[in-house]
Amino acid sequence: MPSTAAEVRNVVLVGHTGAGKTALAEDLLAVAGAGGAGAAQQGRHGDGDHRSSRGITLTLSALRHRDMTINLLDTPGYPDFVGELRAGLRAADAALFVVSAVDGVDGATRALWAECAAVDMPRAVVVTRLDHPRADFAAAVTACQEAFGAGVLPVYLPDGAGQAGAGARLVGLLTGQVVEYAGKDRHDLADRVELDGAAQDARGALIEGIIAESEDETLLDRYLGGEELDPRTLLDDAETAIARGHFHPVLPFARTASGVGIPVGSVELLDLMVDAFPSPAEHPLPPLTRCDGSGCPGMTADPDGPLLAEVVRTTTDPYVGRMSLVRVFSGTLRPDATVHVSGHGRAAAGHPDHDVDEKVGALQAPDGTALHAVDACAAGGICVVTKLGAAETGDTLSDRDDPRLLAPWMMPEPLLPVAIAARTKSDEDKLPTALSRLAAEDPTVTVRTDTETGQLLLWCMGEAHADVLIERLAGRYGVDVDRAEPRIALRETVRGPAHGLGRHVKQSGGHGQYAICQIEVEPLPPGSGFEFVDEVVGGAVPRAFIPSVQKGLVAQLARGVATGNPMVDIRVRLVDGKAHSVDSSDLAFQVAGGLALRDAAAKAGVALLEPLLDVSVLVPDEHVGAVMGDLSGRRGRVIGMEPLGAGDAGRTVVRAEVPELEMLRYAIELRALTHGTGTFTRHLTRYEPMPEHLAATVIKDRSG
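Using the UniProt record's numbering, you'd call the opening residue of the sequence shown number 1 and step up by one each time.
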């Protein structure tokens, strides 16, 4: 491993599915002499499911270029696996956005660019698949500029990239230098070219973009005065602006026409990572505190400083056990050292706060696509640690004598509920342990048991995410589960006033059971709860048994009378009854109270109340109309719109009240409706009457 942070570049590859991230990583490894057949094994250690080939996990590989170590973190492009994407962003110091010259930029990639811009993360763009017959580099650059905004400018233009013949060329816009790729050879041609037309316009835009970010205030006057600026000076300024996250070069990349040889643009891309992307020593550390929330001094990427590291991914190997992918921000991590493991700030997602000391197992670091044992991982490095049994994805590792805590990742809330049930008794016994391990590995899944419906729910990011979790339960932990439709926790109430009689009279030798009570029920306004009124006169129900009747009513309300859901918003008046001097008891009047309520509800009729959600949907302006129409079609009421400004210009928040029954699969349907650009939040606001035709169906299903 490198001895100093200055010798490291941690780069995350970002882009939608099909943009060519994995192929790009493999090509760069091959060019650097580190490629091989081990990519699939290392990149997917611990994932025993067949979906690994679909690019659902964060993969790590490393290469050497010009005496620098470049750690490439290849992230999933599918939006369901945003947890792996966030892990890659957290572990990296710069982002390389991979854009297909055929497909352009999708909405999710555009949103991710905005997130990186908010924290000034250094970014560059590589346009791939230029060997495709429909590839259009100029159109791809225009799409990137429209999607990503200012500062996105090409630094090379392809000339014949991917075409049949004697290879392909790249033209440097600043220098006019021509680079020719031909099979396994790459040549810097002696002759420089004079740019004209669109190429000259692109060169002018590039120079002006660099000057705008330069600290040399004389450059603009010199350029406008007609002076030919030194390309080296411009390159130095460009590299500084890239490292600060203010300038974003676009580079072309293409496999050769024959598929054999050096990919076009690969060396230029590697040079960019080394020259312009910051080292860990230059990139700010994430915010941190002590474990009790108090402040602590800032830290730097000093290998001799206090230990500060983070678990960015967790997997379980059937032979090795738990394996943690760890980014070291400060200090040096060594095998067999005892570290403090902290996890805070994610209790709402089902990850309770925890602090524990643990002994580190073996350390492994990537070499190309394979892992090999190392005796240390210093600040700036990324390694795999074994046997951290209590560590979860997102946890902080620090010195046990002075533990620290890194701020939790920004993670969207999982909003797709999936109900599961163990298939056999053996599966039921193993399920809790398996689910706890899944939750430790994946911060985007929440495991909850609905106390009202009794269902075990996996809250997921989408359908593919749910499928993968269920497959991992079976393949990795040997637990088979069945899926079911999530049930909504409803409420019952009475439709109107009614009289109810509860008669519990039994005689079976010895003391019998005797209790009769009469009640009057009536509905109350929503949110009123339960009100009990004692109107008994003349001692018809002895005073000692009045609380017993009330207790029986409360118990019956909790059970409901028609669907098993609690009954609410009801007033019950106890008006009359009878008792026996010997056979009446507390239990008898509890039973009679429940029977009286059931009788009254049958006469009054039962109305169902369904939960109403307060929903906020954030979408680009062009999708507002479609979203509003869709919400209305879900029996929702749109209650307002709020166009956003500043950094969120062009997006609008649509607020609505929608029945929860209509929102079960909204996480999937909103993604399709907005092409992956919409997000939403939901909160329970109140209960409202369910339409009669729906209520009748529910009562029939749940009472059968």
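Beta carbons are placed, not taken as given, at the ideal position from N, Cα and C, and that holds for glycine.
Would you report the Cα separation of residue i and residue j, rounded to the nearest angstrom?
i: His248; j: Val99; result: 13 Å
i: Asp93; j: Thr433; result: 35 Å
i: Tyr687; j: Met567; result: 12 Å
i: Glu660; j: Glu610; result: 7 Å
i: Leu60; j: Gly197; result: 42 Å
i: Met121; j: Ala95; result: 7 Å
i: Val250; j: Ala202; result: 12 Å
i: residue 781; j: Glu194; result: Given that the chain is displayed from residue 1 to residue 704, the structure contains no residue 781 and the question cannot be resolved.
i: Leu229; j: Gly209; result: 14 Å
i: Lys430; j: Asp304; result: 44 Å
i: Asp236; j: Ile207; result: 12 Å
i: Gln507; j: Gln513; result: 6 Å
i: Ala140; j: Thr369; result: 30 Å
i: Ala124; j: Glu146; result: 15 Å
i: Cys377; j: Leu333; result: 5 Å
i: residue 774; j: Val14; result: Past the edges of the chain, shown from 1 to 704, lies residue 774, and the structure says nothing about it.
i: Met663; j: Arg491; result: 18 Å
i: Pro297; j: Asp402; result: 12 Å
i: Ala696; j: Leu308; result: 59 Å
i: Ser585; j: Arg543; result: 12 Å
i: Asp367; j: Ala25; result: 13 Å
i: Glu692; j: Gly552; result: 29 Å
i: His675; j: Glu669; result: 10 Å
i: Phe680; j: Gly629; result: 16 Å
i: Val312; j: Gly321; result: 17 Å
In three-state DSSP terms, what is residue i?
i: Ile488; result: coil
i: His623; result: helix
i: His683; result: strand
i: Tyr78; result: coil
i: Asp569; result: coil
i: residue 706; result: Nothing can be reported for residue 706, as the shown portion of the chain is limited to 1 through 704.
i: Ser279; result: coil
i: Pro432; result: helix
i: Ile470; result: helix
i: Ile668; result: helix
i: Arg327; result: strand
i: Leu272; result: helix
i: Val445; result: coil
i: Ser52; result: Here the model assigns Ser52 a pLDDT of 41, short of 50, so the residue's position is not dependable, and the following value carries that caveat. Residue state, collapsed to three classes: helix.
i: Asp480; result: coil
i: Thr17; result: coil
i: Asp47; result: The predicted model places Asp47 with a pLDDT of 41, which falls under 50 and marks its position as unreliable, so this point remains unresolved.
For residue i versus residue j, is the C-beta spacing smaller than 9 Å?
i: Gly502; j: Gln518; result: yes
i: Gly678; j: His623; result: yes
i: Leu72; j: Leu29; result: yes
i: Val549; j: Val541; result: yes
i: Val494; j: Gly593; result: no
i: Thr449; j: Leu456; result: yes
i: Thr652; j: Val619; result: yes
i: Val179; j: Arg186; result: yes
i: Val561; j: Ala588; result: no
i: Pro417; j: Met461; result: no
i: Leu608; j: Pro689; result: yes
i: Ala362; j: Thr386; result: yes
i: Val8; j: Thr75; result: no
i: Pro523; j: Pro497; result: yes
i: Arg346; j: Pro443; result: yes
i: Ser398; j: Asp27; result: no
i: Glu239; j: Asp275; result: yes
i: Val698; j: Val654; result: no
i: Ile242; j: Leu325; result: no
i: residue 711; j: Thr451; result: Here the chain comprises residues numbered 1 to 704, so residue 711 is not present and cannot be evaluated.
i: Glu531; j: Gly394; result: no
i: Ala421; j: Glu392; result: no
i: Asp136; j: Ala101; result: yes
Kindly say whether residue i, judged by its beta-carbon, lies nearer than 9 Å to any beta-carbon of chain C.
i: Val141; result: Of the protein chains in the structure, only one exists, and it is not chain C.
Taking 8 Å as the cut-off, does the CB of residue i come closer than this to any heavy atom belonging to the ligand MN?
i: Pro263; result: Inclusion of the ligand MN in the displayed structure is not the case, the ligand content being empty and no account of it being possible.
Is the stretch 516 to 532 touching the stretch 570 to 581 in the sense that three or more CB pairs, one from each, lie closer than 8 Å?
yes
Would you say the stretch 210 to 228 touches the stretch 126 to 139, given that touching needs at least three Cβ pairs under 8 Å?
no
Using 8 Å as the threshold, is the stretch 265 to 274 in touch with the stretch 78 to 90, meaning 3 or more CB pairs across them?
no
Three CB pairs or more closer than 8 Å across the stretch 323 to 336 and the stretch 277 to 293
yes
Identify every run of the beta strand (DSSP E) within the stretch 177 to 230, keeping only runs that are complete inside it and at least 3 residues long; order them along the chain.
178 to 182, 185 to 188
Runs of beta strand (DSSP E) wholly within the UniProt domain "Translation elongation factor EFG/EF2" (487 to 605) (minimum 3 residues, chain order):
491 to 494, 498 to 506, 513 to 523, 530 to 534, 570 to 578
Ordered list of alpha helix (DSSP H) runs contained in the stretch 94 to 170, each at least 4 residues
Taken in chain order, the unbroken stretches of alpha helix (DSSP H) that lie wholly in the stretch 94 to 170 and span 4 residues or more are 107 to 118, 137 to 148.
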